[in-house]
Amino acid sequence: MASKLKAMDNSDKDFDVNKANCAQLRQHLRQHGLPVSGSKKELIERVNGSFEIGKQPLEVLRLHDENLNTERARSRLLTPLGEKLPEVKSITSGWSIDVNLIPYFSDNDLYNYLVLNNQRANDGKPIGAKES
């Protein structure tokens, strides 16, 4: 992909604004996502302006975005210690959205768990729930 990016950058350097006709100028402007209406003089000014500000072709920007998205997806699956996390789709495969599969528990069970249970489940510290 890097070779494609370099090839497109070189094509901009080889483009001679003064020798190009209106169709070539419009094609260049379309490739860079710029308006294509106007006289030849306006088109030349617009192309020169795109060179001055360093406007890149839309294809180059799209490839750059794809590379960044790939890197972001790769980095999200790593912990700060460098351990690789499984993809979400592999973890959730086989899950069901059927609410009938949720086990039944009564209000009394919920009260016993939240209020009468003095310890949190994961670290043994008090929950802090109080009877009213």
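Under the working numbering, the first residue of the sequence shown is numbered -1, with each subsequent residue one higher.
Backbone N, C-alpha and C fix where the C-beta goes; we use that ideal spot for every residue, glycine too.
Keep in mind that this is a model prediction, so the values were computed, not measured.
- Can you check the stretch 48 to 128 for any alpha helix (DSSP H) of at least 4 residues that lies completely inside it and give the ranges in chain order? 56 to 74, 86 to 90 and 105 to 109
- Inter-residue Cα distance where the pair is Glu43 and His26: 13 Å
- Measure the C-alpha to C-alpha separation of Leu3 and Ser88 and round it to an integer number of angstroms. Confidence is the limiting factor: at Leu3 the pLDDT is only 48, short of 50, which leaves the residue's position unreliable, though a coordinate-based value still follows. Going by the C-alpha atoms only, they are around 34 Å apart.
- Message: For Pro101, count the other beta carbons within 10 Å of its own beta carbon; 16 or more makes it buried, fewer makes it exposed. Which is it?
- Response: exposed
- Message: Suppose contacts are defined by Cβ-Cβ distances below 8 Å. Is Leu41 in contact with Leu56 by that definition?
- Response: no
- Have a look at Val15, Phe49, Lys17 and Gln54 and flag the residue whose alpha-carbon is nearest the alpha-carbon of Gly31. Gln54
- Among residues of its own chain, excluding the 5 on either side of Gln29, which ones have a beta-carbon nearer than 8 Å to its beta-carbon? Pro55, Leu56 and Glu57
- Looking only at its own chain, which residues have a Cβ that is under 7 Å from the Cβ of Val45, when we skip the five neighbours before and after it? If we look at Val45 and ignore the five residues flanking it on each side, its Cβ neighbours are Val15, Leu23, His26 and Leu27.
- Three-state secondary structure assigned by DSSP to His30: coil
- Exposed or buried, what is Ser48 when buried is set at 16 or more other beta-carbons lying within 10 Å of its beta-carbon? So Ser48 ends up on the buried side.
- Query: To the nearest angstrom, how far is it from the Cα of Gly80 to the Cα of Ser104?
  - Reply: 43 Å
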